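K.L.:
Below you'll find the structure I mean.
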Amino acid sequence: MCGIVVVLNSTDKPEDLRPRVTAQAKLLRYRGPDWSGVHLQQIETKDQQVRINVLAHERLAIVDPEGGAQPLLNENKNLALAVNGEIYNHEQLHNNLKNPHHFATRSDCEIIVHLFEEIGARLFTDLDGVFAFVLADEKSGAFMVARDPIGVVPLYWGWGADGSTWFASEMKALKGVCYRFEPFPPGYVYANGELKRYYDPAWRHTDRVPKSPLNGVQLKQSFEDAVVKRMMCDVPFGVLLSGGLDSSLVSAIVCRHAEMRIEDHEKSRAWWPRIHSFYIGLEGAPDFANARRVAEFLGTVHHEFTYTLQEGLDALSDVIYHIETFDVTTVRASTPMYLMARKIKAMGIKMVFTGEGADEVFGGYLYFYKAPNPEEFYRETVRKVEKLHHYDCLRANRSMAAWGVEARVPFLDQAFLDIAMNLDPRYKMIDKTDGRMEKYLMRTAFDDEINPYLPKSILWRQKEQFSDGVGYDWINGLKAFAEQRVSDEMFKNRRYRFPINTPESKEAYLYRLLFEEHFPEPAAIQAVVAEPSIACSTAIALERKKTWKTRADPSGRAVEIHTAAY
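Note that the numbering used here has the sequence shown beginning at 1182, numbered continuously upward.
Set out below in structure tokens:
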């Protein structure tokens, strides 16, 4: 993942504005350590005023590492694009262009410039990928800003005192130059002064419950396609492998297609045919053995990393600086991921596959077994998917990007979501009496007796949250550390100290303190969405509250059906 910082319609002098934008972009250089680019536009308005646009880009080179530097320009140099993302169907879109265009790079994202030249904002109906971009036209003064449908790629926007609008991959790049900033919403485009939703699938509308019948073959093929298209890559890549169902399925599919080069439709040998898998945990963590079992089955070059409780505690402040949130579950899971990303980077790997999104799409969290009916089950999956950009997408992207590694998430593929989210929710519900466990559909779809994707013990293993699976002592240690750092008196008066997003536990209080050391601005605090422990829809909220027995603890072990429940 790259980093972008853009200012539009500024009245500052170019010689002052350009170095200011460059300095803000430098704060994100860890996201894109491979190259830096800046492009300045001067636009004369109808009233003879001059407005300045500056687009800055910090590049992580994944596709076309020899070229592909940004910002990207069209043939006439009037259109400039700063983008963070991947467009998986860029080759097909290129072939479908009606007019001749000169492509200056082999970058998958350059297609956005030329699509805009031909069809304008309608290009969103054709894009298959994840992205956050700003496209500005120096000739007309028009611009377009957009973020991918689910929010896999981060983007913030803010407002300057001179009437300018700023955009950045992370909010730290807007500090000091904007009086207010907030997340740019996924699935929206901002153009001509209007913010409009361009992504509005039927499954978002919870007033109707989908009734699509189950087609296991279609579900399986769609997910396999989602993984394969994300193997578009010109640099060494690997897989995050915890030994759970989600990461294991992704790894299995990657391994099946690793020998041949996806970029030329599997006609030639891949540049790096050996797949490397990675796992991290405390000494003796329950996921080590499972990850090792999958790696041996798939034949990956497996790497196991351990970290100590103290190393994790020492990293908390840095983790919160990078992920820009104080959400308890996100901080817990981001810390080992952040430590692992540094190890991965040291080995020369620049991109990894990960399994985020499966639990939201299929109701894989253990509290879903309490869902009273299909309607409530469905509404909760929609709520979880629509908030992923605040939680799991944020965690995967920021933890990896902190060390210049890109995370790709096939479970959030748009075509796959169209199938999986439109299934009748009855097929997803957990029924222990009928042997139906969480994510039963994916388990059965990939239960191939002739050419197995995974060992049965992995395919049918119970859900284990990442922050639990790295070692139960991790969460226990975090709680004990917070108990030492946050006194009873401090916690008693928490509503006065933190009237907005008041912490529910001493652990949450600690993370809030660390967050405000880096981001004391009210705008930063208001930009964070932290998940209350029982924030669910209607009837399932009551069931979840009973499930957690009023605990302010989002650990999977707080659910009584977990094999290691509290």
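Built from N, CA and C at the ideal position, the CB exists for glycine as well.
Bear in mind the structure is a predicted one, so any value in this text is a computation, not a measurement.
1) Return yes when the Cβ of Ala1496 is within less than 8 Å of the Cβ of Thr1516, no when it is not.
2) Does the distance from the C-beta atom of Pro1382 to that of Asp1605 stay below 8 Å?
3) Pick out whichever of Ala1601, Val1586, Asp1612 has its Cα sitting closest to the Cα of Ala1552.
4) Alpha carbon to alpha carbon, how far is Gly1248 from Val1186? Give it in angstroms, no decimals.
5) Classify Glu1444 as helix, strand or coil using the three-state DSSP reduction.
6) Leaving out the 5 sequence neighbours to the left and right, which residues in its chain are closer than 7 Å to Phe1284 when beta-carbon positions are compared?
7) Between Leu1355 and the rest of its own chain, which residues show a CB-CB distance below 7 Å, the 5 nearest in sequence each way excluded?
8) Taking the straight line between their C-alpha atoms, what separation do you get for Ile1461 and Gln1491?
9) Skipping 5 residues on each side, what residues in its chain have a beta carbon closer than 8 Å to that of Gly1368?
10) Report the option in Ser1403, Leu1463, Val1709, Arg1576 whose CA atom is closest to the CA atom of Asp1654.
11) In whole angstroms, what is the alpha-carbon distance linking Arg1678 and Arg1693?
12) With a threshold of 6 Å on Cβ separation, who are the neighbours of Ile1234 within its own chain once the five nearest residues in sequence on each side are excluded?
13) On the CB-based measure, 16 or more other CB atoms within 10 Å of its CB, does Gly1301 come out buried or exposed?
14) Counting only the same chain and skipping the five closest in sequence on each side, list residues whose C-beta sits under 6 Å from that of Gly1322.
15) Between Asn1265 and Met1182, how many whole angstroms is the CB-CB distance? I'm expecting something under 8 Å.
16) How is the beta strand (DSSP E) around Leu1421 delimited, first residue to last?
17) Could you tell me if Val1542 is buried or exposed, where buried requires 16 or more neighbouring beta carbons within 10 angstroms of its beta carbon?
18) Can you check whether the CB of Leu1659 is closer than 8 Å to the CB of Arg1513?
19) Looking at Ser1403 and Phe1597, is the spacing between their C-beta atoms short of 8 Å?
20) Check for me: the beta strand (DSSP E) holding Arg1589 runs from which residue to which?
21) My assumption, with CB atoms under 8 Å, is that Val1294 sits in contact with Leu1262. Please give the rounded CB distance.
22) Please list, in chain order, all residues of the same chain as Ile1681 whose beta carbon is under 8 Å from its beta carbon, the five residues on each side excluded.
23) Please list the terminal residues of the continuous beta strand (DSSP E) segment that includes Glu1225.
24) What residues are listed by DSSP as bridge partners for Asn1578?
25) Give me the residue from Gly1585, Thr1614, Leu1575, Ser1217 with the minimum Cα distance to Met1352.
26) Could you tell me which of Glu1505, Ala1433, Asp1415 sits nearest to Lys1401, measuring between CA atoms?
27) In chain order, what residues of the same chain lie with their CB nearer than 6 Å to the CB of Val1667, ignoring the 5 residues before and after it?
28) Note the first and the last residue of the continuous alpha helix (DSSP H) segment covering Gly1184.
29) Helix or strand or just coil, what does DSSP make of Asp1318?
30) Are Leu1421 and Val1533 closer than 8 Å when you measure CB to CB?
31) Unbroken alpha helix (DSSP H) runs of length 4 or more, entirely within the segment 1649–1710: which are they?
32) Which two residues bound the contiguous beta strand (DSSP E) that contains Gly1266?
33) Using the Cα positions of Glu1239 and Ala1313, report the straight-line distance between them to the nearest angstrom.
34) Could you give the DSSP three-state label for Val1566: helix, strand or coil?
35) May I ask you to verify whether the segment 1544–1563 touches the segment 1610–1626, counting CB pairs closer than 8 Å and requiring at least 3?
P.N.:
In short, the structure shows the following:
1) Walking along the sequence shown from the start, residue 1516 turns up at place 335. Walking along the sequence shown from the start, residue 1496 turns up at place 315. Closer than 8 Å, so yes.
2) Here residue 1382 refers to the residue found at position 201 of the sequence shown. Here residue 1605 refers to the residue found at position 424 of the sequence shown. Not closer than 8 Å, so no.
3) Position 371 of the sequence shown, counting from 1, holds the residue named residue 1552. Among Ala1601, Val1586, Asp1612, the Cα nearest to that of Ala1552 belongs to Asp1612.
4) Working through the sequence shown from its first residue, we reach residue 1186 at position 5. Working through the sequence shown from its first residue, we reach residue 1248 at position 67. Distance between the alpha carbons of Val1186 and Gly1248 is about 20 Å.
5) Indexing the sequence shown from 1 puts residue 1444 at position 263. Three-state DSSP puts Glu1444 in a helix.
6) In the sequence shown, counting from the first residue as 1, residue 1284 sits at position 103. If we look at Phe1284 and ignore the five residues flanking it on each side, its Cβ neighbours are Glu1291.
7) The sequence position of residue 1355 within the sequence shown is 174, counting from 1. So the list reads Tyr1337, Gly1339, Trp1347, Ala1349, Phe1362, once near-sequence residues are dropped.
8) Taking the first residue of the sequence shown as 1, we reach residue 1461 at position 280. Taking the first residue of the sequence shown as 1, we reach residue 1491 at position 310. In a straight line, the C-alpha of Ile1461 is about 15 Å away from that of Gln1491.
9) If you number the sequence shown from 1, residue 1368 lands on position 187. Answer for Gly1368: Arg1328, Asp1329, Pro1330, Ile1331, Gly1332, Arg1378, Tyr1379, Tyr1380, Asp1381, listed in chain order.
10) Here residue 1654 is taken as the residue at index 473 of the sequence shown, counted from 1. With distances taken between Cα atoms, Asp1654 lies closest to Leu1463.
11) By 1-based counting over the sequence shown, the position of residue 1678 is 497. By 1-based counting over the sequence shown, the position of residue 1693 is 512. If you take the alpha carbons of Arg1678 and Arg1693, they lie about 10 Å apart.
12) Locating residue 1234 in the sequence shown gives position 53, counting from the first residue. The sequence given here places Asn at residue 1234; Ile does not occur at that position. The residues are Leu1189, Gln1222, Ala1317.
13) Position 120 of the sequence shown holds residue 1301. By the neighbour-count rule (16 or more Cβ atoms within 10 Å), Gly1301 is not buried but exposed.
14) Within the sequence shown, the letter at position 141 stands for residue 1322. The answer, listed in chain order, is Ile1224.
15) On the sequence shown, position 84 is the one that residue 1265 refers to. On the sequence shown, position 1 is the one that residue 1182 refers to. Right, the Cβ-Cβ distance comes to about 6 Å (below 8 Å), so this counts as a contact.
16) In the sequence shown, counting from the first residue as 1, residue 1421 sits at position 240. It spans 1418–1421 - the beta strand (DSSP E) in which Leu1421 sits, taken as one unbroken run.
17) To locate residue 1542, count along the sequence shown from 1; it is residue 361. Buried, by the Cβ-count rule.
18) By 1-based counting over the sequence shown, the position of residue 1513 is 332. By 1-based counting over the sequence shown, the position of residue 1659 is 478. Taking the C-beta atoms as reference points, Leu1659 is found nearer than 8 Å to Arg1513.
19) Here the question's residue 1597 lines up with position 416 in the sequence shown. Here the question's residue 1403 lines up with position 222 in the sequence shown. Yes, the Cβ-Cβ distance between Phe1597 and Ser1403 is below 8 Å.
20) Locating residue 1589 in the sequence shown gives position 408, counting from the first residue. 1587–1589 is the extent of the beta strand (DSSP E) around Arg1589.
21) Position 113 of the sequence shown, counting from 1, holds the residue named residue 1294. Position 81 of the sequence shown, counting from 1, holds the residue named residue 1262. About 5 Å separates the two Cβ atoms, so the contact holds.
22) Your numbering for residue 1681 matches position 500 in the sequence shown. Counting only Cβ-Cβ distances below 8 Å, and skipping sequence neighbours, we find Ile1706, Gln1707.
23) The residue labelled residue 1225 in the question sits at position 44 within the sequence shown. Start and end: 1216–1225.
24) Here the question's residue 1578 lines up with position 397 in the sequence shown. Paired residues: none, contrary to the question.
25) Here residue 1352 refers to the residue found at position 171 when the sequence shown is read from its first residue. It is Leu1575 whose Cα lies nearest to the Cα of Met1352.
26) Residue 1401 sits at position 220 when you count from the first residue of the sequence shown. Here the closest residue by C-alpha is Ala1433.
27) Along the sequence shown, one-based indexing puts residue 1667 at 486. So the qualifying residues of the chain are Lys1687, Tyr1690, Leu1691.
28) Sequence index remark: in the sequence shown, residue 1184 carries index 3 (1-based). Membership of Gly1184 in any alpha helix (DSSP H) is not indicated; the residue belongs instead to the beta strand (DSSP E) covering 1184–1191.
29) Start at 1 with the first residue of the sequence shown, and residue 1318 comes out as number 137. Strand, per DSSP.
30) Locating residue 1421 in the sequence shown gives position 240, where the first residue counts as 1. Locating residue 1533 in the sequence shown gives position 352, where the first residue counts as 1. Result yes, Cβ atoms of Leu1421 and Val1533 sit closer than 8 Å.
31) 1653–1666, 1669–1673, 1675–1678, 1687–1699, 1703–1707
32) The residue you call residue 1266 lines up with position 85 of the sequence shown. Taken as a continuous stretch (DSSP letters only), the beta strand (DSSP E) holding Gly1266 covers 1260–1268.
33) Position 58 of the sequence shown, counting from 1, holds the residue named residue 1239. Position 132 of the sequence shown, counting from 1, holds the residue named residue 1313. Their Cα atoms are separated by approximately 13 Å.
34) The sequence position of residue 1566 within the sequence shown is 385, counting from 1. Val1566: helix per DSSP, three-state reduction.
35) Result yes; three or more Cβ-Cβ pairs closer than 8 Å.
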